[in-house]
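Data block below; observations after.
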Amino acid sequence: MIDKQWASAADAVADIPDGASLAVGGFGLSGNPSALIQALLDQGTSGLSIVSNNCGVDDWGLGLLLGAQRIRKMTSSYVGENKEFERQFLSGELELELTPQGTLAEKLRAGGSGIAAFYTQTGVGTQVAEGGLPRRYASDGSIAVASPPKDVRAFPVNGVPRDFVLEEAITTDFALVHAALGDRHGNLIFNKAARNFNPLAAMAGRICIAQVERLVEPGELDPDGVHLPGVFVHRIVEVGPDIEKRIERRTVRPAADAAGEA
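Per the numbering used here, residue 1 is the first one in the sequence shown, and the count goes up by one each step.
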């Protein structure tokens, strides 16, 4: 379909079923597809397996789905901003596949590129490679599910053998992403730090749903400025430039101190 515009976020996510896997863009709260997440929350979808750098905060982003206990498993690289995440994980309610950040990015990119797996030095000599990382706890605090050991092989680097660990690529049923600009063909442009994991998540999803702040006609975007081509995007929803955006931790000087330095 050439025209990929959908009328609303609710329409765009309506066929995401219980138990689906999703790749979700964002880094912290930057670039979160908040309208799509809210629509998914409103429709009651549950049992989700989500791949995202982090899980938002307690009252925003993916934290909303987590707080409503709609998430079964998270594959993430950072989980330190969400107290409910900690509670659910330690109580055995949530499964977590903790993955080094660069490895997570490459797993998504590889999945979107049709690459089944790759070798990396990241994690060699640790539980990432050797297995044993807790993925799910039992109610008594013991480890119910642990990560398995991964294949480790030596490859020459500048003539010297070095160990590398095999990491499998990630593909998901759906992807949810946020962009600043898009056209009806699905070409996307991201704003600064909001670019983060969004293009990679979009590539990994078999069906990618993008929310954009402003939707333009085909041909209005400079082809050289497109960050993600429309071939990776299947549905696009305009949410407007005034959509709420939050900052995890705002740190500023007190007004009196700033005035005293002027």
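Beta carbons: idealized from backbone N, C-alpha and C, even for Gly. Note that the structure is predicted; figures quoted are calculated from it, not measured.
Straight across, the Cα-Cα distance linking Val-160 with Gln-127 is about 24 Å. For Gln-211, no alpha helix (DSSP H) encloses it; the enclosing beta strand (DSSP E) starts and ends at 205-216.
When beta bridges are read from the DSSP output, Glu-238 appears opposite Val-212. In the three-state DSSP reduction, Asp-183 falls in the strand class (E or B). A check of alpha carbon separations from Val-177 across Arg-250, Val-145, Glu-238 identifies Glu-238 as the nearest. Phe-232 is a Cβ neighbour of Ala-202, given a cutoff of 9 Å.
Here Ile-189 is buried: its Cβ has 16 or more other Cβ atoms, across all protein chains shown, within 10 Å.
Ser-113: member of the alpha helix (DSSP H) spanning 101-113, first to last residue. For Ser-21, the CB contacts under 8 Å within the same chain, skipping 5 residues up- and downstream, are Leu-48, Ser-49, Ile-50, Val-51, Thr-172, Asp-173, Phe-174 in chain order. Annotation: the continuous alpha helix (DSSP H) that includes Leu-90 extends over 83-90. Contact between the stretch 56-65 and the stretch 90-98 is not established, with fewer than three Cβ pairs separated by less than 8 Å. Asp-183 counts as buried, since no fewer than 16 other beta carbons sit within 10 angstroms of its beta carbon. Residue environment: Thr-251 is assigned as exposed (fewer than 16 neighbouring CB atoms within 10 Å of its CB, all protein chains considered).
The DSSP-derived three-state label of Gln-5 is strand.
Membership of Ser-49 in the beta strand (DSSP E) is indicated by the continuous run 48-51. Rounded to the nearest whole angstrom, the CA to CA distance from Gln-101 to Leu-215 is 31 Å. Rounded to whole angstroms, the gap between the alpha carbons of His-227 and Leu-29 is 20 Å.
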